[in-house]
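Chemist:
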Amino acid sequence: SQQGEEDPQALSIQEGENATMNCSYKTSINNLQWYRQNSGRGLVHLILIRSNEREKHSGRLRVTLDTSKKSSSLLITASRAADTASYFCATDAGGSRLTFGEGTQLTVNP
Amino acid sequence: DSGVTQTPKHLITATGQRVTLRCSPRSGDLSVYWYQQSLDQGLQFLIQYYNGEERAKGNILERFSAQQFPDLHSELNLSSLELGDSALYFCASSVDPGSYNSPLHFGNGTRLTVT
């Protein structure tokens, strides 16, 4: 079973709007990572947030982490058509494995 | 370009056959991970090697095996193939042995179709 669960499963927005995706997980973690996957391609690392961090920014990306609620959110501001992809959260709970959620399919319409 | 190379890109084979998937990690990375991505199971961790030794095992079937060679490239062997083995198989690499302080770098995968 997956450690992380993304919400929503699918999101469709217009170019220029912000996109917010959420991730919930079940066990304590060392860090949480977000990845992007374009159709049929490999996953690309976006951002890593450690368990003692609450917020992190990278360009148009903002990630928050609430360990008390076991949840994280990924905000993409001023979205572009090129942001269309699947977005996955992945958790490191120790033990050498990174566990991925089911992903959110984001569609940005031009 | 992640620097991780996977071959072949596509593989079509019949049930009962055996195939080998190959992965060259990013230069300097010692860890290699194998993941299986299918529509109904999502992205499943199979196995990890660090500097030639098995480090962690996930949902890898007994019909599957892997190894990492002295030059750090890795191979995933799938035998007695079944229709349900059809999936995208990804290799990823990282510097760390598994603390995940560094991100994973994924190849573009091998799409396996079993007919």
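So the protein sequences, as listed, match chains A and B. For the first sequence, our numbering assigns the number 6 to the initial residue and increments by one for each residue that follows. For the second sequence, our numbering assigns the number -12 to the initial residue and increments by one for each residue that follows. Glycine is no exception: its CB is placed at the ideal position from the N, C-alpha and C atoms.
1) At the level of alpha carbons, what is the spacing between Ser67 (chain B) and Thr100 (chain B)?
2) Which term fits Thr2 (chain B), buried or exposed, when burial requires 16 or more other beta carbons within 10 angstroms of its beta carbon?
3) Let me see if you follow: with CB-CB separation under 8 Å, is Gln7 (chain A) close to chain B or not?
4) Beta carbons nearer than 8 Å to chain A: which residues of the region 38 to 72 of chain B have them?
5) When DSSP builds the beta bridges, which residues end up paired with His60 (chain B)?
6) What is the residue span of the beta strand (DSSP E) that Ser14 (chain B) lies within?
7) Which residue wins for smallest C-alpha separation from Tyr92 (chain A), given the options A:Arg41, A:Val68, A:Pro13?
8) Whole angstroms are fine: how far does the CA of Gln(-7) (chain B) sit from the CA of Ser61 (chain B)?
9) Cβ of Arg46 (chain A) less than 8 Å from any chain B Cβ?
10) Decide yes or no for the touch test of the region 70 to 89 of chain A against the region 72 to 84 of chain B: beta carbon pairs closer than 8 Å, at least 3 of them.
11) In chain A, what lies closer than 7 Å to Ser11 (chain B) by C-beta?
12) Measuring CA to CA, which of A:Asp88, A:Ala98, A:Val49, A:Asn36 is closest to Ile18 (chain A)?
13) Could you give the DSSP three-state label for Leu79 (chain A): helix, strand or coil?
14) For Gln38 (chain A), return the contacting residues in chain B, with the cut-off set at a CB-CB distance below 7 Å.
15) Tell me, please, which residues DSSP counts as bridged to Gly29 (chain B).
16) What would DSSP say about Asp83 (chain B), mapped onto helix, strand or coil?
17) Can you tell me where the beta strand (DSSP E) holding Ile47 (chain B) begins and where it ends?
18) For Gly29 (chain B), return the contacting residues in chain A, with the cut-off set at a CB-CB distance below 8 Å.
19) Give, in chain order, every unbroken run of the beta strand (DSSP E) that is at least 3 residues long and sits entirely within the region 32 to 63 of chain A.
20) Can you name, in chain order, every residue of its own chain whose Cβ lies under 7 Å from the Cβ of Tyr103 (chain B), other than the five neighbours on each side?
21) What residue does the beta strand (DSSP E) around Thr166 (chain A) start on, and which one ends it?
22) Answer yes or no: do Arg102 (chain A) and Gln54 (chain B) have a C-beta to C-beta separation smaller than 8 Å?
Modeler: Well, looking at it:
1) Within the second sequence, the letter at position 80 stands for residue 67 (chain B). Within the second sequence, the letter at position 113 stands for residue 100 (chain B). When the Cα atoms are used, Ser67 (chain B) and Thr100 (chain B) turn out to be separated by approximately 13 Å.
2) Walking along the second sequence from the start, residue 2 (chain B) turns up at place 15. Answer is exposed; the Cβ neighbour count stays below 16.
3) On the first sequence, residue 7 (chain A) is found 2 positions in, with the first residue counted as 1. With a pLDDT of only 48 at Gln7 (chain A), under the threshold of 50, the placement of this residue in the model should not be trusted; the figure read from the coordinates follows. It does; some Cβ of chain B falls within 8 Å.
4) Arg42, Ala43, Gly45
5) Counting from one through the second sequence, the residue named residue 60 (chain B) turns up at place 73. In DSSP, His60 (chain B) forms no bridge with anything.
6) Stepping through the second sequence from its first residue, residue 14 (chain B) is reached at position 27. Looking at the DSSP string, Ser14 (chain B) is not in any beta strand (DSSP E), and its letter there is neither H nor E.
7) The sequence position of residue 92 (chain A) within the first sequence is 87, counting from 1. Here the closest residue by C-alpha is A:Arg41.
8) As a working note, residue 61 (chain B) is residue 74 in the second sequence. As a working note, residue -7 (chain B) is residue 6 in the second sequence. For Ser61 (chain B) and Gln(-7) (chain B), the distance between alpha carbons rounds to 10 Å.
9) As a position in the first sequence, residue 46 (chain A) is number 41, starting the count at 1. With 8 Å as the cut-off, Arg46 (chain A) counts as an interface residue toward chain B.
10) no
11) Taking the first residue of the second sequence as position 1, residue 11 (chain B) is located at position 24. Near Ser11 (chain B) there are no residues of chain A at all, since even the closest Cβ is about 13 Å away, more than 7 Å.
12) The residue labelled residue 18 (chain A) in the question sits at position 13 within the first sequence. With distances taken between Cα atoms, Ile18 (chain A) lies closest to A:Asp88.
13) Along the first sequence, read from residue 1 onward, the residue named residue 79 (chain A) stands at position 74. Leu79 (chain A) falls in the strand class under three-state DSSP.
14) By 1-based counting over the first sequence, the position of residue 38 (chain A) is 33. Identification of chain B residues near Gln38 (chain A) by a Cβ-Cβ cut-off of 7 Å yields Pro90, ordered along the chain.
15) Here the question's residue 29 (chain B) lines up with position 42 in the second sequence. Looking at the DSSP assignment, Gly29 (chain B) forms a beta bridge with B:Ser25.
16) In the second sequence, counting from the first residue as 1, residue 83 (chain B) sits at position 96. Here Asp83 (chain B) sits in coil by DSSP.
17) Indexing the second sequence from 1 puts residue 47 (chain B) at position 60. Ile47 (chain B) -> no beta strand (DSSP E), and no H or E assigned at all.
18) Here the question's residue 29 (chain B) lines up with position 42 in the second sequence. Going along chain A in sequence order, the residues near Gly29 (chain B) (Cβ under 8 Å) are Gln7, Phe105, Gly106, Glu107, Gly108.
19) 36 to 42, 48 to 55, 60 to 63
20) Residue 103 (chain B) lies beyond the stretch modelled for chain B, which goes from -12 to 102, so this question has no answer here.
21) Since the first and last residues shown for chain A are 6 and 115, residue 166 (chain A) lies out of range.
22) Start at 1 with the first residue of the first sequence, and residue 102 (chain A) comes out as number 97. Start at 1 with the first residue of the second sequence, and residue 54 (chain B) comes out as number 67. For Arg102 (chain A) and Gln54 (chain B), no; Cβs fall outside 8 Å.
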